[in-house]
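Trainee:
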Amino acid sequence: MKARGFTLLEMVVTVFIFGVVGVLAVQILSQTVRTSEKVVYRSSVLGEWHRAMNILEHDLVQLNHRGIRDEQGDFQPGVLVDSTGGIEFTRSGWHNILGQPRSDLQRVSYFLYGDQLYRRYWDVLDRSQTTQAVDQLLLSNVHTLEFEVIDRSGREHYFWPPAAYVDDVAIESPLLAVRMTLGMVELGTVSQLWLVPENLAPRQEIPPT
Numbered sequence: 396m397k398a399r400g401f402t403l404l405e406m407v408v409t410v411f412i413f414g415v416v417g418v419l420a421v422q423i424l425s426q427t428v429r430t431s432e433k434v435v436y437r438s439s440v441l442g443e444w445h446r447a448m449n450i451l452e453h454d455l456v457q458l459n460h461r462g463i464r465d466e467q468g469d470f471q472p473g474v475l476v477d478s479t480g481g482i483e484f485t486r487s488g489w490h491n492i493l494g495q496p497r498s499d500l501q502r503v504s505y506f507l508y509g510d511q512l513y514r515r516y517w518d519v520l521d522r523s524q525t526t527q528a529v530d531q532l533l534l535s536n537v538h539t540l541e542f543e544v545i546d547r548s549g550r551e552h553y554f555w556p557p558a559a560y561v562d563d564v565a566i567e568s569p570l571l572a573v574r575m576t577l578g579m580v581e582l583g584t585v586s587q588l589w590l591v592p593e594n595l596a597p598r599q600e601i602p603p604t
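With positions in the sequence shown counted from 1, the corresponding number in the numbering used here is that position plus 395.
(1) What's the gap between the Cα of residue 591 and the Cα of residue 433?
(2) When DSSP labels each residue in this structure, what does residue 492 get in the three-state scheme?
(3) Thinking residue 474 and residue 588 are a contact (beta carbons under 8 Å), I'd like their distance in whole angstroms, please.
(4) Considering only residues of the region 536–562, which uninterrupted alpha helix (DSSP H) runs meet the minimum length of 4 residues and lie entirely inside it, listed in chain order?
(5) Beta-carbon separation of residue 465 and residue 471 under 8 Å?
(6) What is the rounded straight-line gap between the Cα of residue 493 and the Cα of residue 462?
(7) Among 484, 451, 544 and 404, which has the Cα closest to the Cα of residue 531?
(8) Do residue 577 and residue 481 have their CB atoms nearer than 8 Å?
(9) Considering just the uninterrupted stretch of the beta strand (DSSP E) at residue 534, what are its terminal residues?
(10) Is it true that the region 510–524 meets the region 543–555, where meeting means three or more beta-carbon pairs spaced less than 8 Å apart?
(11) At a cut-off of 7 Å, is residue 451 close to the ligand ZN when judged by its beta-carbon and the heavy atoms of the ligand?
(12) Is it right to say residue 459 is buried, meaning 16 or more other beta carbons lie within 10 angstroms of its own, or is it exposed?
(13) At the level of alpha carbons, what is the spacing between residue 583 and residue 500?
(14) Residues in the same chain with beta-carbon distance under 8 Å from residue 437, minus the five sequence neighbours each way, listed in chain order, please.
(15) Which residues in the same chain as residue 488 place their Cβ atom closer than 7 Å to its Cβ, once the five residues preceding and following it in sequence are excluded?
(16) With DSSP as the reference, identify every bridge partner of residue 423, one or two as the case may be.
(17) Consult DSSP for residue 581 and reduce its assignment to one of helix, strand or coil.
(18) Going by beta-carbon coordinates alone, are residue 534 and residue 447 separated by less than 8 Å?
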């Protein structure tokens, strides 16, 4: 019996099948690579998010009510939340590994510039016109930022302090917590709440002019 070879039609069908299988394999591989890249990117975003929240939490749990003088010599309260959506406050526990002649209190702020979340701090509490700030980039692709203060009666404040000043001393309700709501392209809108220390002494200490 003679061995029968492939007909032209059979060869065409075989080549077509291998071609389809090859295209499908490439598509599956490409989809797998894209999925893997998305997972890696999202993991990176989540890692940056957790790092930023850890830094913010580390500051807030050491919140202190010590007021300051700004670059113009005007008094600013220990905690300040205004219409920009950011927050500025004094915190304790600033490590001094080099033993420099400075306080362990530090003034910090969190604010949105463009679509980036920054942490800013100053080397001194009471600033002058020559005081330089240091900015740390925490997150990108942020489109909204809002801080609110919750006092011990449960009231929520989008501006802090709520009361007027009398002779540079703020009359304000004790703080209970600070809530941050942040909108990101990758994560959507997320909100986090931190309780602040009950003992915030020194309370609105007035720095000398």
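Heads up, the beta-carbon is just placed ideally off N, CA and C, and yes, glycines get one too.
Mentor: Quick answer:
(1) Going by the C-alpha atoms only, they are around 36 Å apart.
(2) Residue 492 falls in the coil class under three-state DSSP.
(3) No, residue 474 and residue 588 are not in contact; Cβ-Cβ is about 15 Å, not under 8 Å.
(4) For the region 536–562, not a single whole alpha helix (DSSP H) run of length 4 or above is found.
(5) Going by C-beta atoms, residue 465 is nearer than 8 Å to residue 471.
(6) It is roughly 25 Å from the alpha-carbon of residue 493 to the alpha-carbon of residue 462.
(7) Among 484, 451, 544 and 404, the Cα nearest to that of residue 531 belongs to 451.
(8) With respect to the 8 Å criterion, residue 577 and residue 481 are not classified as neighbours on the basis of their beta carbons.
(9) Note, residue 534: beta strand (DSSP E), 528–534.
(10) Segments in contact, no.
(11) You won't find the ligand ZN in this model; it holds no ligand whatsoever.
(12) Taking all protein chains in view, the Cβ of residue 459 is crowded by 16 or more other Cβ atoms within 10 Å, so the residue is classified as buried.
(13) Going by the C-alpha atoms only, they are around 34 Å apart.
(14) Here residue 437 has 581 as same chain residues with Cβ atoms under 8 Å from its own Cβ, once five neighbours each way along the sequence are excluded.
(15) Hits under 7 Å: 457 and 499.
(16) Bridge partners of residue 423: none, in fact.
(17) Coil.
(18) In this structure, residue 534 lies near residue 447, with their beta-carbon atoms less than 8 Å apart.
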